[in-house]
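Asks:
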Amino acid sequence: MAAVALGAAVTGASFGAISVGSGLPWWMPVLMSLVIFAGGSQFMAVGIVAAGGSPAAAVLAGLVLNARHLPFGLAIGDVLGRSPLARIVGSHLLIDESTAFAMAQKDPARARAAYWACGVSLFFSWNTGVLIGALVGQAIGDPMTFGLDAAFPAALLALTLPALKDAATRNAALVGAAIALATTPFLPAGVPVLLALAGLFAFRTTKKKEEPCLSPQS
Amino acid sequence: MSVTAVLILAAGTFAIRFAGPLLRDRVTLPDRVRELMSASATVLLLALVAVSALTNGKQFGGWALAAGVAVGGLAAWRKLPFVAVIVLAAVTTAGLRFAGVA
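Protein sequences, first through last, are from chains A and B.
Here the first sequence is numbered in UniProt numbering, starting from 1 and rising by one per residue.
Here the second sequence is numbered in UniProt numbering, starting from 1 and rising by one per residue.
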């Protein structure tokens with residue numbers, strides 16, 4: 001769990017530095033991390049706005065991205081605890097990692113302990129990382145922006161890579177990326193990324209007998 | 001990015017998270033919906049990667065940018081640390097630009 005927390009701190013520091021480099025004040029990534037606390041959607045929102053997209057497109061993309069937390073919540077259920085306060089605080093700590101740690105435990109009491117330990121430690125390490133990254137990014141100033149436009153997609157790609165191992169997901173994602181690229185010259189920034197969701201029509205899980213005939217490379 | 005947008009995204013995200021434990025006894029999601037939700041996250045992220053790696057928001061973003069992201073992607077694929085991925089991408093792009101590659 002210490003390794004996971006350290007990883008979150010490093011990712012958070014990159015998020016803070018990249019956000020400041022894209023022109024946001026230092027407190028904006030810090031505020032986002034405290035109240036949103038979902039790394040992927042934070043990167044997404046900052047990226048869309050930095051590319052000239054509207055805040056509405058950024059919010060919408062972030063919400064679609066975070067919709068995956070709904071099934072997580074349904075799956076872990078009582079792990080948060082029964083009291084209203086535990087449910088409210090516990091819901092805010094519902095992230096990929098805390099869900100995974102809780103689901104790895106069979107005994108309910110241990111699952112609860114694992115969930116809270118993971119959620120709380122990641123909340124602190126992520127937010128500390130973002131604060132340090134934002135302050136360092138601000139101190140470095142201009143040199144940080146040089147090549148920064150490459151750092152951002154590279155960071156996102158590194159976060160996305162594990163999910164692309166699944167063939168059905170990969171096909172849908174490649175079709176979606178092609179749609180986004182093809183429509184970028186014609187549409188306002190942010191909209192092509194949302195249009196990429198049409199790539200989900202190419203999402204075929206392996207249960208079907210037919211071969212996936214839609215090869216995204218063709 | 002405005003404070004209002006951040007707060008709306010935060011409120012929406014919390015609502016999504018809170019709904020799960022709350023509706024647990026009343027709702028079961030079909031497998032297909034669960035899979036689609038998880039896949040849509042990846043679809044959005046990869047689309048943003050593609051657009052921000054290959055375009056400047058309107059047209060081709062230049063070889064220096066594309067090459068930097070490619071190097072970063074390669075580093076991530078080879079399981080290099082996250083910091084190395086970011087630094088390699090930025091240094092590659094900056095170096096190519098310094099060398100005169102657009």
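Each residue gets a CB set at the ideal place from its N, CA and C atoms; glycine is no exception.
Can you give me the Cβ contacts of I36(A) inside the same chain, cut-off strictly under 7 Å, excluding the 5 residues immediately before and after it?
Replies: The count along the first sequence starts at 1 and reaches residue 36(A) at position 36. Answer for I36(A): Q42, listed in chain order.
Asks: Compute the beta-carbon to beta-carbon distance between G16(A) and I132(A), rounded to the nearest angstrom, for a pair I have assumed lies under 8 Å.
Replies: Numbered from its first residue, the first sequence carries residue 16(A) at position 16. Numbered from its first residue, the first sequence carries residue 132(A) at position 132. Indeed, because the Cβ distance is near 7 Å, the residues count as touching under 8 Å.
Asks: Within the 7 Å Cβ cut-off, does R26(B) reach chain A?
Replies: Along the second sequence, read from residue 1 onward, the residue named residue 26(B) stands at position 26. Chain A contact via Cβ: absent.
Asks: Buried or exposed for L36(B), going by 16 or more other Cβ atoms inside 10 Å?
Replies: One-based indexing of the second sequence puts residue 36(B) at position 36. Buried, by the Cβ-count rule.
Asks: I believe V43(B) touches A173(A) by the beta-carbon criterion, under 8 Å. Please report the beta-carbon distance rounded to the nearest angstrom.
Replies: One-based indexing of the second sequence puts residue 43(B) at position 43. One-based indexing of the first sequence puts residue 173(A) at position 173. Confirmed, about 5 Å.
Asks: State the Cα-Cα distance for the pair A151(A) and G68(B), rounded to the nearest angstrom.
Replies: Walking along the first sequence from the start, residue 151(A) turns up at place 151. Walking along the second sequence from the start, residue 68(B) turns up at place 68. Cα to Cα, A151(A) sits roughly 8 Å from G68(B).
Asks: Quick one: using the 10 Å Cβ neighbour count with 16 as the cut-off for buried, is A182(A) buried or exposed?
Replies: Position 182 of the first sequence, counted from the start, is the residue given in the question as residue 182(A). Classification of A182(A): exposed, given that the 10 Å Cβ count is below 16.
Asks: I'd like the list of long-range same chain contacts for T128(A), defined as Cβ closer than 8 Å, with 5 residues on each side in sequence excluded.
Replies: Translated into positions along the first sequence, residue 128(A) becomes position 128. Counting only Cβ-Cβ distances below 8 Å, and skipping sequence neighbours, we find A9 and G12.
Asks: Can you give the beta carbon distance from F123(A) to L94(A), rounded, assuming they're within the 8 Å contact cut?
Replies: In the first sequence, residue 123(A) corresponds to position 123, counting from 1. In the first sequence, residue 94(A) corresponds to position 94, counting from 1. Not quite, the Cβ-Cβ distance comes to about 11 Å (not below 8 Å), so this is no contact.
Asks: For chain B, is any of its Cβ atoms less than 7 Å away from the one on M1(A)?
Replies: Working through the first sequence from its first residue, we reach residue 1(A) at position 1. Not closer than 7 Å to any Cβ of chain B, the Cβ of M1(A) fails to qualify, so no.
Asks: Does any residue of chain B have a CB that is nearer than 7 Å to the CB of D149(A)?
Replies: As a working note, residue 149(A) is residue 149 in the first sequence. It does: the Cβ of D149(A) has a partner Cβ on chain B nearer than 7 Å.
Asks: Straight-line CA distance for G176(A) to L46(B)?
Replies: Along the first sequence, read from residue 1 onward, the residue named residue 176(A) stands at position 176. Along the second sequence, read from residue 1 onward, the residue named residue 46(B) stands at position 46. Roughly 8 Å between the two C-alpha positions.
Asks: Are the Cβ atoms of V193(A) and L48(B) separated by less than 7 Å?
Replies: Within the first sequence, residue 193(A) is the residue found at index 193, counting from 1. Within the second sequence, residue 48(B) is the residue found at index 48, counting from 1. Yes, they are a contact pair.
Asks: Give me the residue from V89(A), G39(A) and I18(A) with the minimum Cα distance to P21(B).
Replies: Position 21 of the second sequence, counted from the start, is the residue given in the question as residue 21(B). Nearest of V89(A), G39(A) and I18(A) to P21(B), Cα basis: V89(A).
Asks: Does DSSP classify F60(B) as helix, strand or coil?
Replies: Mapped onto the second sequence, residue 60(B) falls at position 60. Strand.
Asks: Does R34(B) get closer than 7 Å to chain A when you measure Cβ to Cβ?
Replies: For the purposes of this step, residue 34(B) is identified with residue 34 of the second sequence, where counting begins at 1. By this cut-off, R34(B) is an interface position.
Asks: So which residues on chain A does G100(B) lean against when the C-beta distance must stay under 9 Å?
Replies: By one-based count along the second sequence, residue 100(B) stands at place 100. None at all; the shortest Cβ gap to chain A is about 15 Å.
Asks: Locate the alpha helix (DSSP H) running through R17(B), then write down its first and last residues.
Replies: Looking up residue 17(B) in the second sequence gives position 17. Element bounds for R17(B): V3 to L23.
Asks: I'd like to confirm the pairing. Which residues does DSSP put opposite residue 225(A) in its beta bridges?
Replies: Absent from the structure is residue 225(A), since the part of chain A shown begins at 1 and ends at 218.
Asks: Less than 8 Å between the CB atoms is what I'm expecting for A50(B) and A180(A), so what's the real figure, rounded?
Replies: Taking the second sequence and counting its residues from 1, one reaches residue 50(B) at position 50. Taking the first sequence and counting its residues from 1, one reaches residue 180(A) at position 180. About 6 Å separates the two Cβ atoms, so the contact holds.
Asks: Nearest to T93(B) by CA position, among G147(A), V79(A), H69(A) and M44(A), is which residue?
Replies: On the second sequence, residue 93(B) is found 93 positions in, with the first residue counted as 1. The shortest C-alpha separation from T93(B) is found at G147(A).
Asks: Please identify, using Cβ separations under 7 Å, the residues of the region 68-82 of chain B that lie next to chain A, in order along the chain.
Replies: Here the close residues are G68, V69, G72, G73, A76, W77 and F82.
Asks: Counting pairs of Cβ atoms below 8 Å between the region 186-204 of chain A and the region 58-68 of chain A, do you hit three or more?
Replies: Yes, the region 186-204 of chain A is in contact with the region 58-68 of chain A.
Asks: Return no unless some Cβ of chain A is closer than 7 Å to the Cβ of A19(B).
Replies: As a working note, residue 19(B) is residue 19 in the second sequence. Cβ-Cβ to chain A under 7 Å: yes for A19(B).
Asks: If you measure between the beta carbons of residue 171(B) and A158(A), is that distance less than 7 Å?
Replies: Within the shown structure, residues of chain B are numbered from 1 to 102, placing residue 171(B) beyond reach of any answer.
Asks: What in chain B is Cβ-close to R87(A), meaning under 9 Å?
Replies: The residue labelled residue 87(A) in the question sits at position 87 within the first sequence. Correct list: F18, P21 and L22.
Asks: Grab me the residues of S215(A)'s own chain with a C-beta within less than 7 Å of its C-beta, minus the 5 sequence neighbours each way, in chain order.
Replies: Mapped onto the first sequence, residue 215(A) falls at position 215. Any reading at S215(A) must be qualified, since the residue scores a pLDDT of 44, below 50, and its modelled position is unreliable; no value is offered.
Asks: Does DSSP put T205(A) in a helix, a strand or coil?
Replies: Position 205 of the first sequence, counting from 1, holds the residue named residue 205(A). Of the three classes helix, strand and coil, the one that applies to T205(A) here is coil, per DSSP.
Asks: For residue 219(A) versus G47(A), is the C-beta distance shorter than 7 Å?
Replies: Lying before the first or after the last residue shown, residue 219(A) is absent from chain A, which here runs from 1 to 218.
Asks: In chain B, which residues lie with their C-beta within 9 Å of the C-beta of N66(A)?
Replies: Along the first sequence, one-based indexing puts residue 66(A) at 66. Those are L9, G12, T13, I16, R17 and A41, listed as they occur along chain B.
Asks: Please list the segments of the beta strand (DSSP E) lying wholly inside the region 1-71 of chain A, counting only runs of 3 or more residues, in order along the chain.
Replies: Listed in chain order, nothing qualifies, since the region 1-71 of chain A has no complete beta strand (DSSP E) run of 3 or more residues.
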